[in-house]
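Protein chains: 2
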Amino acid sequence: MSVFTSVPAATLADWLRHYAVGRLVAFEGISAGVQNSNFFVTTTLGRYVLTLFEAIPRAELPFYLNLMAHLARHGLPVPGPIADRDNEYLGTLCDRPAALVMRLSGRSDMNPGPDRCARVGAMLAGLHLAGLSYGRRQDNPRGAAWRSATAARVRPFLPADEQALLDAELAFQAEVDVSALPQGVIHADLFRDNVLWDGEHIGGVIDFYFAGRDALLFDVAVTVNDWCTTPAGEIDPVRCEALLGAYHAERPFTAAERAAWPAMLRAAALRFWLSRAEDFHLPKSGEMVLVKPPAEYRDILRLRGAGAPCLPGV
Amino acid sequence: MSVFTSVPAATLADWLRHYAVGRLVAFEGISAGVQNSNFFVTTTLGRYVLTLFEAIPRAELPFYLNLMAHLARHGLPVPGPIADRDNEYLGTLCDRPAALVMRLSGRSDMNPGPDRCARVGAMLAGLHLAGLSYGRRQDNPRGAAWRSATAARVRPFLPADEQALLDAELAFQAEVDVSALPQGVIHADLFRDNVLWDGEHIGGVIDFYFAGRDALLFDVAVTVNDWCTTPAGEIDPVRCEALLGAYHAERPFTAAERAAWPAMLRAAALRFWLSRAEDFHLPKSGEMVLVKPPAEYRDILRLRGAGAPCLPGV
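Protein sequences appear in the order of chains B and D.
Going by numbering that gives the first Met the number 0, the first residue of the first sequence is number 0, and it counts up by one from there.
Going by numbering that gives the first Met the number 0, the first residue of the second sequence is number 0, and it counts up by one from there.
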């Protein structure tokens, strides 16, 4: 459950008068998300999602909110933040930084077939292409520096075989040169629960609060590791081909990306193994969030080390 | 019918590559609107409306497109224009200025009851409040100056009794001082066919191409004359009270507005009588649009001269 801050109805009704969205009709907490408090908010004029930021520093929020606005105005189904009467996206509610965003329709699908994987591949390419003209810059907050620091923190809690896996992977990744790969703003967390399906169309792509600048291919690897993986952790070639082919049709992969693909799949697996291991072994006090098992991404990392399907292209 | 320019599919598919909206799947002309060519466009990533501007000068379009973007980002159900990969809203297609906007859901209701009239009143107030922070400025293109010029053009075509009505109304309006009324960006054409209902919610407010700066109350009068009028042209007090009450709850009317209300209802009726009379008597060559009968608004103008219900307030 992830409503960390309770918001009295009268307080919210007053706060909404800063906006031009009409009167509060109803609101309820949303039990999803791991670092913010989220609420569905219905007013006389529309349906929105209210987010109270519990962990992200206020100074970093304009990067995310303006990114969402940028992608939404490029026609992508991203929840655009709502500007208040002073034209500001970021407000304050119950002593937290707070933002209202559009509520998009649809629900996530945890068993997507190849058609939906293809749509997600095309959407990811669309996000990458639209992101190229985004003016603000922030490095991927879960990039190489975070990886090293987090590995040092969790290593003491791991059994010997996992320590060996971690050491070998860090040594391997240290040799990978990502500077030749196309860079841009990446979502960095495009898991199945962050895509809302409205019939066969993608009604929404949500949760941009891990976004940052990195190799675009890293984002593709994060997405394939979640969308195109069997319960045993292996890549399903049919779904993988569908996703990569649709992406490639919108933004063709480069030769450098084809060479780096196996390493990127491993880097993406490492990133989620590390964050889950940290949440598991070093939980932040006071957080009552669902801790996802680190073993899933440990196994995916091991399997990716044994090889990966090729990227499409000549 | 209002597709004045035919667009080849291959031309549109090429043109869409300037955007990050994926590949063209399907498109079709829309037989509505009186001065642009409109198309529904479906791509692999979303559903949009394409507009080719046939009459509005290119230099005036940024006012409208940025207004729509401004209102959409304030959380109102207005079709936001889509930025291309160079971050521009306005493009060129088939030698016309062209823009892609979000396609909103819903359909119009030509027989709205008091509940829907109340929602429209609240929405109109929301548009006015959000518009206060819009930075660009353009006067109402169908304001007092246009009224005088158009009256001079159509007067020779009118029978004697209508000439007398027109002369009397112009003389009356010349004495009305609107400078004391709250001003802002008005939609100026919020007829029933420009509101899309998605269940009981307003899914879209469309057609902002008559918008401009004027007395906010003039917009309320345009809206009441369409939404709250009986087939005979009289104001239906139940629908009128619902619309005005909901507007007043969001943006309270001022004393000056209450005094000016009967005159504004007449000014709003005059505006549509004049534009319809001009379309009827002086049709632009080559236009194959549905000409609405001028008599409807001539009769509404006559009836409003006989009195009007009061605005709510103290």
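By construction, the Cβ of each residue, glycine as well, lies at the ideal position given by its N, Cα and C atoms.
C-beta neighbour in chain B for residue i, strict 8 angstroms
| i | result |
| --- | --- |
| serine 36(D) | no |
| serine 107(D) | no |
| arginine 303(D) | no |
| aspartate 85(D) | yes |
| leucine 189(D) | no |
Closer than 8 angstroms to chain D by CB, residue i
| i | result |
| --- | --- |
| isoleucine 205(B) | no |
| cysteine 75(B) | At residue 75(B) the sequence reads leucine, which differs from the cysteine that was named. Yes, contact with chain D. |
| alanine 68(B) | yes |
| leucine 128(B) | yes |
| tyrosine 63(B) | no |
| arginine 212(B) | no |
| arginine 115(B) | no |
| arginine 136(B) | no |
| arginine 118(B) | yes |
Exposure of residue i, with buried meaning 16 or more beta-carbon neighbours within 10 Å
| i | result |
| --- | --- |
| proline 111(B) | buried |
| cysteine 239(D) | buried |
| proline 230(B) | exposed |
| glutamate 161(B) | buried |
| leucine 64(B) | buried |
| methionine 109(D) | exposed |
| alanine 8(B) | exposed |
| cysteine 227(B) | buried |
| arginine 72(D) | buried |
| cysteine 116(D) | buried |
| aspartate 85(D) | exposed |
| valine 24(D) | exposed |
| arginine 297(B) | buried |
| proline 293(B) | buried |
| arginine 57(D) | exposed |
| arginine 106(B) | exposed |
| alanine 173(B) | exposed |
| glycine 312(D) | exposed |
| glycine 306(B) | exposed |
| serine 178(B) | exposed |
| alanine 256(D) | Reading the sequence as shown, one finds glutamate at residue 256(D) and not alanine. Glutamate 256(D) comes out buried. |
| asparagine 281(D) | What sits at residue 281(D) in the sequence shown is leucine, not asparagine. Looking at its Cβ environment, which holds fewer than 16 other Cβ atoms inside 10 Å, leucine 281(D) is exposed. |
First and last residue of the uninterrupted alpha helix (DSSP H) at residue i
| i | result |
| --- | --- |
| valine 119(D) | 113-130 |
| alanine 97(D) | Note, alanine 97(D): premise wrong, no alpha helix (DSSP H); beta strand (DSSP E) at 95-101. |
| phenylalanine 217(B) | 215-226 |
| isoleucine 234(D) | Taken as a continuous stretch (DSSP letters only), isoleucine 234(D) belongs to no alpha helix (DSSP H), as it is neither H nor E. |
| leucine 15(B) | 8-15 |
| valine 153(D) | 143-153 |
Where the beta strand (DSSP E) through residue i begins and ends
| i | result |
| --- | --- |
| leucine 195(D) | 194-197 |
| phenylalanine 190(B) | Careful: phenylalanine 190(B) lies outside any beta strand (DSSP E) and carries neither H nor E. |
| glycine 203(D) | 200-204 |
| glycine 79(D) | No beta strand (DSSP E) holds glycine 79(D); DSSP gives it neither H nor E. |
| glycine 90(D) | 90-92 |
Within chain D, partners of residue i - CB distance below 7 angstroms
| i | result |
| --- | --- |
| glutamate 249(B) | Gly21 |
| arginine 238(B) | In chain order: nothing, as chain D lies at least about 17 angstroms away. |
| arginine 102(B) | Correct list: empty, because the minimum Cβ distance to chain D is about 10 angstroms. |
Proximal chain D residues relative to residue i, where beta-carbon distance stays under 8 angstroms
| i | result |
| --- | --- |
| glycine 244(B) | Ordered by position in chain D, no residue passes the 8 angstroms Cβ test against glycine 244(B), which lies about 12 angstroms from the chain. |
| glycine 79(B) | Ala71, Arg72 and Gly79 |
Beta-carbon neighbours of residue i, restricted to chain D and to distances below 9 angstroms
| i | result |
| --- | --- |
| leucine 123(B) | By Cβ distance, chain D contributes nothing, its closest Cβ being about 10 angstroms from leucine 123(B), past 9 angstroms. |
| alanine 82(B) | His69, Arg72, His73, Gly74, Ala129 and Ser132 |
Cβ of residue i within 8 angstroms of any chain A Cβ
| i | result |
| --- | --- |
| threonine 43(D) | Checking the listed chains, one finds no chain A in this structure; the protein chains it contains are B and D. |
Contacts of residue i in chain B (Cβ-Cβ under 9 angstroms)
| i | result |
| --- | --- |
| leucine 99(D) | Gly74 |
| tyrosine 47(D) | Gly74 |
Contact set between residue i and chain B, taken where Cβ atoms lie within less than 8 angstroms
| i | result |
| --- | --- |
| tyrosine 18(D) | His73 and Gly74 |
Next item on the list: Ignoring anything shorter than 3 residues or poking outside the stretch 157-186 of chain B, list the beta strand (DSSP E) runs there in chain order.
Entry: For the stretch 157-186 of chain B, whole beta strand (DSSP E) runs of length 3 or above, ordered along the chain, are 182-185.
Next item on the list: Scan the stretch 240-299 of chain B and note each continuous alpha helix (DSSP H) run of 4 residues or more that stays entirely inside, going in chain order.
Entry: Segments of the alpha helix (DSSP H) lying fully in the stretch 240-299 of chain B: 254-280.
Next item on the list: Could you tell me which uninterrupted alpha helix (DSSP H) segments, each at least 4 residues in length, are contained entirely in the stretch 22-77 of chain B, listed from first to last along the chain?
Entry: Complete alpha helix (DSSP H) runs here, min 4: 60-72.
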